[in-house]
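The numbering used here applies: residue 1 is where the sequence shown begins, and numbers increase by one. We treat Cβ as the ideally placed atom computed from N, Cα and C, and that holds for glycine. Just below is one structure, and these are the notes that go with it.
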Amino acid sequence: AQQITGAEGPGSDEAMGAQRSTARFFARQLLRRDPAFFRSALALESAAWCVGEYAVHVADVAPDVLRLMAAEFVDADPQVKLQVLNLGVKLGLQRPNAEHVQNLVIYLLELSRFDKDLDLRDKARALTAMMGLAAGAPDDEEEQRALLALKAQASAALLKPKLPPLTLLGHVAVEGLPSLAAGSLSGMCGHTAEGYAPVPDWARTQPDPAVRDVDHEAKKAPGAGRRFDPDAGKGKGKGKKVSREAGAAPAGK
């Protein structure tokens with residue numbers, strides 16, 4: 001533990017270097033155990049997302065990761081392509097003066113615009129406009145102003161820090177936001193919806209267990225304990241009618 005956290009504390013440069021070394025060691029061990037697993041679509045998708053989301057912390061290897069993934073972009077799964085495209089655009093916004101990164105971004109955008117997957121096509125066209133690479137109509141000043149405004153907001157929209165992911169395991173307590181029940185309409189909207197009832201907190205004191213006791217001396221309801229006989233009452237009226245008919249004298253005799 002002291003080797004990982006460092007002698008100067010968990011936030012020191014020494015501790016960060018120890019953590020990186022430990023992460024590289026375990027990554028090598030995992031690669032040696034099952035190299036084929038890390039070629040799966042899920043692994044590539046997760047790796048591309050992680051590098052794009054935390055590119056600032058892996059600035060020395062992020063462009064090389066983008067280069068390797070761009071080389072196999074054509075044969076990748078659609079979900080992997082989406083994450084690789086996101087990675088390229090984020091690196092392109094963070095490194096506007098890096099020529100090799102900008103060339104890779106243009107390469108990925110051009111491939112994605114004519115891909116078979118419709119979602120990838122739409123996203124590529126939107127990101128092309130946000131990167132300021134869309135041509136637009138030269139005579140339409142309003143369209144040109146809209147493209148410039150979109151480019152100015154690209155970094156704020158794509159590089160903004162993400163909130164912690166929502167789970168179904170409990171409340172989501174994010175600093176600056178109210179605590180809303182996960183999975184509810186209010187939790188998805190980010191504010192309380194009409195009729196929202198928050199889940200009460202755990203009781204600080206144990207309630208009286210006597211509230212769960214059953215009063216066995218309570219008065220029984222009327223009719224309680226009687227056995228229902230479905231045949232009871234059948235034939236009463238019929239029997240009386242037969243006896244009257246049997247005892248009556250025939251008319252006219």
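**Request:** My understanding is that residue 42 touches residue 90, with C-beta atoms under 8 Å, so please give their C-beta distance in whole angstroms.
**Result:** Looking up residue 42 in the sequence shown gives position 42. Looking up residue 90 in the sequence shown gives position 90. With 8 Å as the limit, residue 42 and residue 90 do not qualify as a contact, their Cβ atoms being about 20 Å apart.
**Euclidean distance between Cα positions of residue 70 and residue 80** = Position 70 of the sequence shown, counted from the start, is the residue given in the question as residue 70. Position 80 of the sequence shown, counted from the start, is the residue given in the question as residue 80. A direct Cα-to-Cα measurement between residue 70 and residue 80 gives close to 11 Å.
**Prompt:** If you drop the 5 nearest sequence neighbours on each side, which residues of the same chain put their C-beta closer than 8 Å to that of residue 49?
**Reply:** In the sequence shown, counting from the first residue as 1, residue 49 sits at position 49. Within the same chain, residue 49 has close Cβ partners 83, 86 and 87.
**Asked** Straight-line CA distance for residue 117 to residue 107?
**Response** Within the sequence shown, residue 117 is the residue found at index 117, counting from 1. Within the sequence shown, residue 107 is the residue found at index 107, counting from 1. Going from the Cα of residue 117 to the Cα of residue 107 covers about 17 Å.
**Asked** My guess is that residue 101 and residue 63 are in contact by the Cβ rule of under 8 Å, so how many angstroms apart are they, rounded?
**Response** Taking the sequence shown and counting its residues from 1, the one referred to as residue 101 is at position 101. Taking the sequence shown and counting its residues from 1, the one referred to as residue 63 is at position 63. Contact holds; Cβ gap of about 6 Å.
**Request:** Have a look at 78, 194, 197 and 142 and flag the residue whose alpha-carbon is nearest the alpha-carbon of residue 119.
**Result:** What you label residue 119 is simply residue 119 of the sequence shown in a count that begins at 1. Of the candidates 78, 194, 197 and 142, the one whose C-alpha sits nearest the C-alpha of residue 119 is 78.
**Request:** Report yes if the CB atom of residue 65 is closer than 9 Å to the CB atom of residue 56, and no otherwise.
**Result:** Walking along the sequence shown from the start, residue 65 turns up at place 65. Walking along the sequence shown from the start, residue 56 turns up at place 56. Cβ distance not < 9 Å, so residue 65 and residue 56 don't count as in contact.
**Request:** Look at residue 109 and residue 93 and say whether their C-beta atoms are less than 9 Å apart.
**Result:** For this step, residue 109 is matched to residue 109 along the sequence shown. For this step, residue 93 is matched to residue 93 along the sequence shown. In this structure, residue 93 does not lie closer than 9 Å to residue 109 by Cβ.
**Asked** Could one say the Cβ of residue 54 lies closer than 9 Å to chain D's Cβ atoms, at least one of them?
**Response** The displayed structure is made up of one protein chain only, and chain D is not part of it.
**Request:** Could you check the C-alpha separation between residue 204 and residue 185 for me, to the nearest Å?
**Result:** Working through the sequence shown from its first residue, we reach residue 204 at position 204. Working through the sequence shown from its first residue, we reach residue 185 at position 185. Going by the C-alpha atoms only, they are around 28 Å apart.
**Prompt:** Can you tell me whether residue 130 is buried or exposed, with buried defined as 16 or more other CB within 10 angstroms of its CB?
**Reply:** Working through the sequence shown from its first residue, we reach residue 130 at position 130. Residue 130 is buried by the Cβ-count criterion.
**Item:** Buried versus exposed call for residue 175 [16 or more other C-beta atoms within 10 Å across all chains shown]
**Value:** Looking up residue 175 in the sequence shown gives position 175. At residue 175, the pLDDT of 48 sits below 50, so the modelled position is not reliable; the number obtained from the coordinates is stated separately. Exposed.
**Request:** In angstroms with no decimal places, state the Cα-to-Cα distance between residue 197 and residue 207.
**Result:** Along the sequence shown, read from residue 1 onward, the residue named residue 197 stands at position 197. Along the sequence shown, read from residue 1 onward, the residue named residue 207 stands at position 207. So the two alpha carbons sit approximately 22 Å from each other.
**Message:** I need the boundaries of the alpha helix (DSSP H) containing residue 63, first residue and last residue.
**Reply:** Within the sequence shown, numbered from 1, the residue matching residue 63 stands at position 63. Segment 62-71, the alpha helix (DSSP H) holding residue 63.
**Asked** Rounded to a whole number of angstroms, what is the C-alpha to C-alpha distance between residue 44 and residue 202?
**Response** What you label residue 44 is simply residue 44 of the sequence shown in a count that begins at 1. What you label residue 202 is simply residue 202 of the sequence shown in a count that begins at 1. Taking the straight line from one Cα to the other gives about 42 Å.
**Message:** Cutting at 8 Å between CB atoms, please list the residues of its own chain near residue 147, excluding the five before and the five after it.
**Reply:** Counted from its first residue, the sequence shown places residue 147 at position 147. Excluding sequence positions up to five before and after residue 147, its CB lies within less than 8 Å of the CB of 129, 132, 134 and 136, all in the same chain and listed in chain order.
**Asked** Expressed to the nearest angstrom, what Euclidean distance is found between the alpha-carbon atoms of residue 21 and residue 111?
**Response** Indexing the sequence shown from 1 puts residue 21 at position 21. Indexing the sequence shown from 1 puts residue 111 at position 111. Answer to the nearest angstrom: the Cα atoms are 36 Å apart.
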